[in-house]
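Asks: Residues in the sequence shown are numbered from 115 upward in steps of one, following the numbering used here.
Would you mind keeping the following structure in view while I ask a few things?
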Amino acid sequence: MLIKCKTKGTRVKGVVFHPRLHFLLASMHSGDIQMWDYLNSTLVEVFSEHEGPVRGIDFHQEQPLFVSGGDDTTVIVWDFTQRKKLFVLAGHLDYVRTVQFHTSYPWVMSSSDDQTIRIWNWQSRSCITVISGHNHYVMSSLFHPTENLIISSSLDHTARIWDITYLVEKKCSIKPPIQNQSNYYMAEPNSMGNAFEIEVTGVSDVICLHTLVGHSSGVNYAIFFGTNLAITAGDDCTVRIWRYSQYSFYQTNILRDHEDNVTCLLLVKDYLLSTSEDHSIRIWDLNTYALVHTYLMDDDRFWTISKSKHNNYITAGHDAGLIVFKLYKERPQISLGPDREKTILYYVWNNSLYASNLEKECESFTKELLHYSSTNGTTNAVKNKNTDMNLLYYKWLETNSNNNLVSNYKDHENKLVFQCPSGTYINQRTLIGSVTEERRIVQTTKLFLNNYAKDRIILCLMYKINKANYAELFSYNRGQLEYTFKRLCNSAAFINSNQILVLDKTLLIYNINGDLMSELNISSQIQNRQLGATAQFTDKDLNNLKVFSVTKDVLLFFCPKNQFLFLYSLNTKNLVNSVNAPYGKLFDVIVNSYGFICCLFTNFVVIYDRTLNRITYKQQFNRIKSGVWDNNTSVIYSTYNQIHYLLINGSFGVLCTMASPTYLIKVSDGADDKKLLYLINRQHRCFKQVLDSPDYLLKYSLLVNNMEKANTLVDSGQVFGRFTCSYLISNGKYVLARKLLGDDNLNKFYLSVQFGDLQNALNDAKLINNKAIWSYLGDVSLELGNVTIAELAYQKSKQYQKLTLLYLVIGDFGKLRKMLNICKIHDDKSLLLVHALYLGDMEELSNVLGENGHEQLANICNATYKINNWSEENLENPNAKYLVPPKPVNRMEGDMLNWNVKFIESDESKFDINEIVEFTKQEMSKKTDSSYLSTNILEQQMADLLVTSKKEKSPRADVYTPDQGVVYTKQVQRREEGADLFNEILEGTQDASPLDFNDTANHYDGSDDIWDSVRDEVNHEQRLFMFLNQKNYTSALNYLNHMYGEVNVHLLKSTLQNSDFSKFDSIQQVNYQPSLNQKMNTALAHFQNAEFEQCEEQLVGLLRELFLYKSLNLDVATIMEHCYWYALAIRLEMERDSLSQTDPKRSLQLAAYLTCCKLNTSHHYLVLRKTVGLMWKAKNYQTAAMLVDRILNLDTTKFEFDQTEMDKAKKIHTLCLQKGTNLYDLDLQPEDFNNLEICSVTMDKLYQEPTATCLFCGAYAFRKYVNQFCKVCHLLKLV
């Protein structure tokens, strides 16, 4: 029994799984109903309306409804999408024990302590029949899954089977509605309900067919089993099986192993699970009626049990909460041949070890899918292979996800044996061995192969029997089993071709014959190395170590207690290195041929080099399932429903989304330079997936410097979008980034400037032809030393002062003289004076002085320099000389005027990529070398081992390429030289004349982020609408990933599922405004009442809807801006409140920032008034006076207010001015009131420094938070 999820709380009286989603409901003794996401162990919602314990709970099969019944005698129908109660069905006179929806009719059945069973029509909200007959409390009642029967149990020691055929004929249509098309309507109370009701009179609605008598005490639960069997559980500690027909019944078996009241029953194929107050869940084989397994709790009694309909999860409620578990481990235990290019797959199930050809398994599964399509009428889809295989795989899963819970009839001691999840396909695999424990079923934990043995096949299987762990070794030579041996161990790893290390309290080295060779002692070395650990390594911790093989005679040890990794060399008998690895549980280590080590933790992927120095890592919030290396440069790994990649340079992404959990086998090269990914699913069937993700191929090509491939991807339009462009910029791929920008000249201009390509920047500036752009280009060109372009830019922008300074610096007096003549034309006296001084033209200087009323200064100048017909007799200073600037010592001309300034980019790297690529090429050439292949005898070994058949050619299975997901990873290092250039251009134009930005060809929008105006070249809105209209949510999510780089798929899934675009024929018909306004008003009402958590929850949902509408290019800018500011305000208030006691200064600073948010006037008034009170209490009187002044200047016509409050504000303002001091120095200026920018991550004020922004909601953050998800909308990453 494998526990997936545990909860702690009050007693759980009822549990039920949603028929499709990964949610379950738990009805509590406390009166609450809890909805859980059992895959992530998170509480989703709590519903509270019942007054007393809630005992019965059930989901509707199609509608978003569930029904509950409790001790308050009521039955309540809920809508869990709206999170509210719809209506109450009243009529019972005592506790309601169980409730159930009918699968075909709009009925709800309830059983009660008032000794009756009632059936309700939940559409008309009326009771259609009351079933009486029991003489005590009715503990349960259930519909038959296929027939018109009901079974009930009671404390009158009986169970009864009822026939409701007449009731169906009377109350429902002749032909019941088909389940998957049942769109029931919500009728008004006391209405007629079904319009096709047939009145049948003269007969009773419900007939009691049989009364099952045999229990010596009350019967707590009863279920149907098959077509003519029933099972009951009672307070007499027994479970009884009954066989019935139309006219008779009899008891067949009694199961007696329980020691207290049996409370609930569950059928899982051929197994029966029973819960009891004796703290146990017992599992019975219904083929032999034998007890096969018992699960015990220490102190808690079990009350209820239920199973999911679309997977193998089971949940049981007990006194302290609930547990979710599976009866067996669904993860396939597999291993490949010595190198990853071999096609031999080893597979273990129960006690048997199999081998098969991987290629043939994939071909067989493809044939099965095609055969499934022909038998289910979907042959029309064969024309498009990609779409067809994707669709077929989904449909195949619907009918094959639960086909594996069938008992095995072999004579095992514990008898809990399950058939292989692949069904009868396991017979097509070759049985090559069995574990020594033939009569005791084993729980396999790991299967791995000796990669160092070249002359034989050596497999090690680790498994568990009860609580003991074993490792069993199998050696095959020429297709024959040579020998096996078994040892107790907690972990094991091959050292070389002839030795294996086994950990069982001590480290023991055996040869492959099972002979003990030596004992390894590393405890002292670990203690010496583990200097920084909080808890020191002891001998007791040795038995908990995990050991993995890295290379020949090199092992990797992991200590779970202290979270340390140790690399140990058996040749030197020393630890090579030890590192702290605080990443949780380590379950696998994969090593590539170059020696890089990838450690797969529960939620982390970490890559180390040969000496255990960390290269990069990535965090996942879903559990990691498996991983493989691809060409020594990237790790591909799978989570619950996605396949991700992590390159050794830190780049990451999502390859595709899968229909069900899958496990990776290997990556190999396919036709047309494509890569093939081999996978195996939880049905233990193998298939292929083409690695054709353009995002992955682009990043891989850039890593290995394959620029030809990268240019092909960009030129063909396979990669596009803001995120890709940002990635190329961060990696210095300027030319590719320019290609992605297309005709966006403004952003191409800034990009060229950022990378110092002034010639392209000049060409872009000519196309834009804007004065601000020319001025900015001139400043940048001057900084980079390009005088020619700087001169042209200043001429275009008419920056005469800067031109003068430029000519003066380079000593070009001829052009200075031209500038003086231009000043004469424009009659600019001040510039004339300056140019005259620069040129040493005293006559011109004298003329300017004289013309402007400074005759005395002009005469002094004439007398000094003997100019303008001044007589030498009047010369006061005979030694006077002209005031002429010094000429340049070494004057440059032409291109020599420009000096080159280069950006210096860091080449620091933890690995040599050229060396890795060369090594990989040599390795691939070795594998294709005929001499190498002839010397390797492993193919001959498997030819003897496997039963091969004739080769059959089958079409390739191009499995689907679904959507991408969300990851939180370490930030990729970015180049900082470029900074944020847009702020600099705004600063550079402050001294210039007023500019007209309307000439910017709709490119310049004043945003601080230079990528806000990036536009894709294709019509994304229509394509996205097509996916939404067809309810193709997988493709919609995939396309949103392409549009924005990476979207938070986990958050958008529910929004997509709850949206309905199928009723619209075009985007223009989408009527979104009324719904958005209503939800926004709800959020504002919560904000008005200081219900910030509810307001935040409402805004989060609203932002997700707005994201879809904005992606469809609908006009939602106004309401989106409102959502952003209110979401930011709530974050500020909640963080302020949390710091009010511990950090008062920071709390006051956040309160001050809160007053700068752009809120409605009435809300702004409330925020200001509260903040004034906080400032007054903290003795920050100057700040309080500033805020009161803002209150007095508010537009009071937009909201209702009390004039006395304004009078009080004036008095407070006077008092604050009188005190005039601040206890805390806060960073708040008057200019911040309408222009404050706050980092959405740290809640700090942003100054004139580089920032990152969210392309959806517009939130800002410091540049170092690039590639992290926005903290306001949580949908896109900051760029």
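Glycine included, C-beta positions come from ideal geometry on N, C-alpha and C.
What are the boundary residues of the beta strand (DSSP E) that Met149 is part of?
Replies: If you number the sequence shown from 1, residue 149 lands on position 35. Residues Asp146 to Asp151.
Asks: Measure the alpha-carbon distance for Ser1189 versus His271 and round it to whole angstroms.
Replies: Reading the sequence shown from its first residue, position 1075 is the one you call residue 1189. Reading the sequence shown from its first residue, position 157 is the one you call residue 271. So the alpha carbons of these two residues sit roughly 55 Å apart.
Asks: So, for Leu368: in the same chain, excluding its five sequence neighbours on each side, which residues have a beta-carbon less than 7 Å away from its beta-carbon?
Replies: As a position in the sequence shown, residue 368 is number 254, starting the count at 1. According to the sequence displayed, residue 368 carries Ile and not Leu. Within the same chain, Ile368 has close Cβ partners Thr352 and Arg354.
Asks: Would you say Asp399 and Tyr409 are within 8 Å of each other, going by their C-beta atoms?
Replies: Locating residue 399 in the sequence shown gives position 285, where the first residue counts as 1. Locating residue 409 in the sequence shown gives position 295, where the first residue counts as 1. Contact: no.
Asks: With a threshold of 7 Å on Cβ separation, who are the neighbours of Asn717 within its own chain once the five nearest residues in sequence on each side are excluded?
Replies: Taking the first residue of the sequence shown as 1, we reach residue 717 at position 603. Excluding positions up to five away in sequence, the list reads Gly698, Gln733, Gln734, Phe735, Arg737 and Ile738.
Asks: With DSSP as the reference, label Ile903 as helix, strand or coil.
Replies: The count along the sequence shown starts at 1 and reaches residue 903 at position 789. It is helical.
Asks: With distances taken Cα to Cα, identify the nearest neighbour of Pro133 among Ser155, Leu116 and Phe173.
Replies: Along the sequence shown, one-based indexing puts residue 133 at 19. When each option's Cα is compared against that of Pro133, the closest is Phe173.
Asks: What is the residue span of the beta strand (DSSP E) that Ala431 lies within?
Replies: Walking along the sequence shown from the start, residue 431 turns up at place 317. Note that residue 431 corresponds to Gly in the displayed sequence, not to Ala. Taken as a continuous stretch (DSSP letters only), the beta strand (DSSP E) holding Gly431 covers Ile428 to His432.
Asks: Just the C-alpha distance for Leu179 and Val222, rounded to the nearest angstrom, thanks.
Replies: As a working note, residue 179 is residue 65 in the sequence shown. As a working note, residue 222 is residue 108 in the sequence shown. For Leu179 and Val222, the distance between alpha carbons rounds to 12 Å.
Asks: Closest to Cys476 by C-alpha separation, out of Ser487, Tyr539 and Val438, would be which residue?
Replies: For the purposes of this step, residue 476 is taken as the residue at position 362 of the sequence shown. Nearest of Ser487, Tyr539 and Val438 to Cys476, Cα basis: Tyr539.
Asks: Taking buried to mean at least 16 other C-beta atoms within 10 Å of its own C-beta, is Ile117 buried or exposed?
Replies: By one-based count along the sequence shown, residue 117 stands at place 3. The residue in question, Ile117, is exposed, as its Cβ has fewer than 16 Cβ neighbours within 10 Å.
Asks: Find out if the Cβ-Cβ distance for the pair Val661, Ala606 is shorter than 8 Å.
Replies: Here residue 661 refers to the residue found at position 547 when the sequence shown is read from its first residue. Here residue 606 refers to the residue found at position 492 when the sequence shown is read from its first residue. Yes, Cβ-Cβ distance for Val661 and Ala606 is below 8 Å.
Asks: Who pairs with Ile233 in a beta bridge, going by DSSP?
Replies: Position 119 of the sequence shown, counted from the start, is the residue given in the question as residue 233. BP columns for Ile233 point to Met223 and Thr243.
Asks: Should Gln293 be labelled buried (16 or more other beta-carbon atoms within 10 Å of its own) or exposed?
Replies: Translated into the one-based positions of the sequence shown, residue 293 becomes position 179. Note that Gln293 has pLDDT 43, beneath the 50 cutoff, so the model's placement of it is unreliable and the number below is only indicative. So Gln293 ends up on the exposed side.
Asks: Should Ala1375 be labelled buried (16 or more other beta-carbon atoms within 10 Å of its own) or exposed?
Replies: Along the sequence shown, read from residue 1 onward, the residue named residue 1375 stands at position 1261. The residue is buried, with at least 16 neighbouring Cβ atoms inside 10 Å.
Asks: Confirm, please, whether the CB-CB distance from Leu684 to Ile750 is below 8 Å.
Replies: Here residue 750 refers to the residue found at position 636 when the sequence shown is read from its first residue. Here residue 684 refers to the residue found at position 570 when the sequence shown is read from its first residue. Taking 8 Å as the Cβ cut-off, Ile750 and Leu684 do not qualify as a contacting pair.
Asks: Does DSSP put Lys1325 in a helix, in a strand, or in coil?
Replies: Numbered from its first residue, the sequence shown carries residue 1325 at position 1211. Residue state, collapsed to three classes: helix.
Asks: Does the distance from the C-beta atom of Gly184 to that of Ser162 stay below 8 Å?
Replies: Position 70 of the sequence shown, counted from the first residue, corresponds to residue 184. Position 48 of the sequence shown, counted from the first residue, corresponds to residue 162. Their beta carbons are not under 8 Å apart, which means Gly184 does not touch Ser162 by this criterion.
Asks: Does the beta-carbon distance from Ala886 to Ser895 come in below 8 Å?
Replies: Residue numbering aside, residue 886 sits at position 772 when the sequence shown is read from its first letter. Residue numbering aside, residue 895 sits at position 781 when the sequence shown is read from its first letter. No, the Cβ-Cβ distance between Ala886 and Ser895 is not below 8 Å.
Asks: Would the beta-carbon of Val768 be found less than 7 Å away from any heavy atom of the ligand GTP?
Replies: Judged by which ligands are present, the structure shown has none, so any question about the ligand GTP falls away.
Asks: Bridge partners for Ser605 per DSSP, in chain order?
Replies: Position 491 of the sequence shown, counting from 1, holds the residue named residue 605. Paired residue(s): Leu617.
Asks: Quick check: Ala204 and Ser267, are their CB atoms within less than 8 Å of each other?
Replies: To locate residue 204, count along the sequence shown from 1; it is residue 90. To locate residue 267, count along the sequence shown from 1; it is residue 153. It is not a contact, given that the beta carbons lie outside the stated cut-off.
Asks: Fully enclosed by the region 1241 to 1315, which alpha helix (DSSP H) runs are 4 residues long or longer?
Replies: Fully enclosed alpha helix (DSSP H) runs of 4 or longer: 1258 to 1268, 1275 to 1291 and 1295 to 1306.
Asks: Contact between the region 1146 to 1165 and the region 1230 to 1244: three or more CB pairs below 8 Å?
Replies: No: the two stretches stay apart, fewer than three of their Cβ pairs being nearer than 8 Å.
Asks: Could you pull the DSSP bridge partners for Arg357 from this structure?
Replies: Working through the sequence shown from its first residue, we reach residue 357 at position 243. Arg357 pairs with Leu343 and Tyr364.
Asks: Suppose the cutoff is 6 Å on Cβ atoms and the five residues either side in sequence are ignored; what does the same chain contact list for Cys839 look like?
Replies: Counting from 1 along the sequence shown, the entry for residue 839 is found at position 725. These residues qualify, in order along the chain: Ala851 and Leu854.
Asks: Could you work out which residue in Arg239, Leu459 and Gly128 is closest to Leu379 when comparing CA atoms only?
Replies: Here residue 379 is taken as the residue at index 265 of the sequence shown, counted from 1. If we check each option's Cα against that of Leu379, Gly128 comes out closest.
Asks: Pull the bridge partners of Ala1375 from the DSSP assignment, please.
Replies: Mapped onto the sequence shown, residue 1375 falls at position 1261. Per DSSP, Ala1366.
Asks: Are Thr212 and Gly166 touching if we call contact CB-CB under 8 Å?
Replies: As a first step, residue 212 must be located in the sequence shown, where it is residue number 98. As a first step, residue 166 must be located in the sequence shown, where it is residue number 52. It is not a contact, given that the beta carbons lie outside the stated cut-off.
Asks: Are the Cβ atoms of Ile704 and Tyr722 separated by less than 8 Å?
Replies: Taking the sequence shown and counting its residues from 1, one reaches residue 704 at position 590. Taking the sequence shown and counting its residues from 1, one reaches residue 722 at position 608. Going by C-beta atoms, Ile704 is not nearer than 8 Å to Tyr722.
Asks: Please classify Tyr921 as buried or exposed, where buried requires at least 16 neighbouring CB atoms within 10 angstroms.
Replies: As a position in the sequence shown, residue 921 is number 807, starting the count at 1. Classification of Tyr921: buried, given that the 10 Å Cβ count is 16 or more.
Asks: Grab me the residues of Cys322's own chain with a C-beta within less than 6 Å of its C-beta, minus the 5 sequence neighbours each way, in chain order.
Replies: Locating residue 322 in the sequence shown gives position 208, where the first residue counts as 1. Contacts found: Gly247, Arg274 and Trp276.
Asks: Measuring only the C-alpha atoms, how far is Lys122 from Gly628?
Replies: What you label residue 122 is simply residue 8 of the sequence shown in a count that begins at 1. What you label residue 628 is simply residue 514 of the sequence shown in a count that begins at 1. Taking the straight line joining both Cα atoms gives about 47 Å.
Asks: From Ser752 to Phe599, what does the alpha carbon distance come to, in whole angstroms?
Replies: Taking the first residue of the sequence shown as position 1, residue 752 is located at position 638. Taking the first residue of the sequence shown as position 1, residue 599 is located at position 485. Going by the C-alpha atoms only, they are around 34 Å apart.
Asks: Put Tyr697 into one of helix, strand or coil per three-state DSSP.
Replies: Counting from one through the sequence shown, the residue named residue 697 turns up at place 583. It is coil, neither helix nor strand.
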